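Taking it in order: structure first as structure tokens, then the write-up.
Protein chains: 2
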Amino acid sequence: MTDSAPTPDATPARRGRPGYDSPQILAAAVDLFITHGYDATSVAAVAERLGLTKSALYHHYESKEHLLSVALDEALGGLEGVLDEPGARAGAAGARLEYVLRGAVGVLVDRLPYVTLLLRVRGNSDVERQALERRRAFDHRITGMLRDAQAEGTVRADIDPSVATRLVFGMVNSIVEWYRPTGPEGAAELADDVLRVALDGLRTR
Amino acid sequence: MTDSAPTPDATPARRGRPGYDSPQILAAAVDLFITHGYDATSVAAVAERLGLTKSALYHHYESKEHLLSVALDEALGGLEGVLDEPGARAGAAGARLEYVLRGAVGVLVDRLPYVTLLLRVRGNSDVERQALERRRAFDHRITGMLRDAQAEGTVRADIDPSVATRLVFGMVNSIVEWYRPTGPEGAAELADDVLRVALDGLRTR
DNA sequence: GTCTATAAAGAGATAGAC
DNA sequence: GTCTATCTCTTTATAGAC
């Protein structure tokens, strides 16, 4: 997706040493970043996981931070993509908000490791700060949508729209802490549960 | 709260060098752990923040991990304390659940840095794994409460109690990502907003 | 209770051979 | 595209003086 444009020689049959491509290396790195934390993960550990040396890895990615940057872009691109889909751009604000919530859950599940990594970024470098800035922009667009839904009367107006957005996306984002695609619950059911709680609450009526 | 039992000499008037006590050192360390991440924060950085040398700091805490351990205990003790209060132990399950949710928000706000740190722990050492174990035990007690509330009919039964607990506590926990006590919203108002969304949802009726 | 100095290990990154 | 070897810097932690 990111750097995987085929190189001039299409390497039809692989020979000799493994020969990883960039996405495979990225996936391994992200897995380690999530498990042990970005800072606690050494480049040597990523190389070892792949059965490579550090130097071989540096041939594919110019720095540890470059790995992080590509991974964060994968997550942010997915989330921003939801906002650009027709269902998020046309119709009543309440329906658009529902569409975006469902879409965000979908991206979370589809790109679980990348979004997990994104949600752990705290802004300790330029790469991280730029990612946080894109996250903020995403949040602001949702907040605007929720405010519109309050104005049209489909969402309760007794909560500040910014607080409501943060609470609901806090709930959505927390999915990365426990959801595993191998479990009994599918992505669609998960999204249904999220929408049930977010829109109608836990209380019986 | 943790190590602050007064030492034999009560040091009535301070003389000479700063002379920090353990809680002050802990607070500085936790602040840096949160800002830059535990792994990315060096002991030297903590010492520098306090105007001390590393050696002076090692006189108070035997290791970097000991600082983490005491900080996590501060957060876990607060959360576990809520479950031991009368309001969490007697009455209808729905009311107890509501009490615990409000109490958890209170602890989050009161001990914001410590709980923030707790919520970033991933289990990379014995100290972290023990903290995660205590968090899991806390969650299980809440899940039981929610299941009881479903049985008594005060909480909707069409969502798995474990999923419901995770979603609602995902929302509660996400507060540490943005809430600052200096802002316009007080802890009680925040808890009200959380309960509104968690129990009744965003949708108007 | 704080200091200077240092040990020992590991980090990110590069050079240059194959 | 991968290797070995190495550079330089930072890390946690300790020794021992004051």
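Residue numbers (our numbering), protein chains in the order written: chain A, 4 to 208; chain B, 4 to 208. Beta carbons are placed, not taken as given, at the ideal position from N, Cα and C, and that holds for glycine. Quantities reported herein were computed from a predicted structural model and do not represent experimental measurements.
query, result
"Assigned secondary structure, B/R114 (DSSP; H/G/I helix, E/B strand, else coil)", "coil"
"Three-state secondary structure (DSSP) of A/R123", "coil"
"The stretch 68-77 of chain B / the stretch 107-117 of chain B touching (three or more Cβ pairs under 8 Å)", "yes"
"Sequence-distant residues of its chain with Cβ nearer than 6 Å to B/G106 (five each side left out)", "V85"
"9 Å Cβ cutoff, A/A16 in contact with chain B", "Bear in mind that the predicted position of A/A16 carries a pLDDT of just 37, short of 50, making it unreliable; the figure below should be weighed with that in mind. Cβ-Cβ to chain B under 9 Å: no for A/A16."
"Limits of the unbroken alpha helix (DSSP H) element including B/E68", "67-87"
"Length of the line joining the Cα atoms of A/A16 and A/Y23", "For A/A16, the pLDDT reaches just 37, beneath the cut-off of 50, and the residue's location in the model is therefore unreliable, leaving the point undetermined."
"Given 8 Å, three or more beta-carbon pairs between the stretch 126-133 of chain A and the stretch 185-192 of chain A", "no"
"With 16 other Cβ atoms within 10 Å as the buried cut-off, status of A/R169", "buried"
"Chain-order list of residues whose beta-carbon lies under 6 Å from that of A/F36 (same chain, five-residue window excluded)", "T44, L120"
"Residues bridged to A/V158 (per DSSP)", "B/R206"
"Secondary structure of B/L185, DSSP reduced to three states", "Contrary to the premise, residue 185 of chain B reads as Thr rather than Leu in this sequence. It is coil, neither helix nor strand."
"Chain B residues whose Cβ lies nearer than 9 Å to that of A/I145", "Within 9 Å Cβ-Cβ: nothing; A/I145 doesn't reach chain B, min ~12 Å."
"8 Å contact criterion, which A/E155 and A/A201 should meet: CB distance rounded", "At roughly 17 Å, the Cβ-Cβ gap does not stay under 8 Å, so A/E155 and A/A201 are not in contact."
"Enclosing alpha helix (DSSP H) for B/S177 [first to last residue]", "Unbroken run through B/S177: none, as it is neither H nor E."
"Buried versus exposed, by CB contacts within 10 Å (16 or more), B/T157", "buried"
"For B/W181 and B/R208, the rounded distance between their alpha carbons", "29 Å"
"8 Å contact criterion, which B/V110 and B/L82 should meet: CB distance rounded", "6 Å"
"Residue of B/D203, B/L100, B/L29, B/V108 minimising C-alpha distance to B/Y61", "B/L29"
"Span of the alpha helix (DSSP H), counted from its first residue to its last, around A/D196", "190-198"
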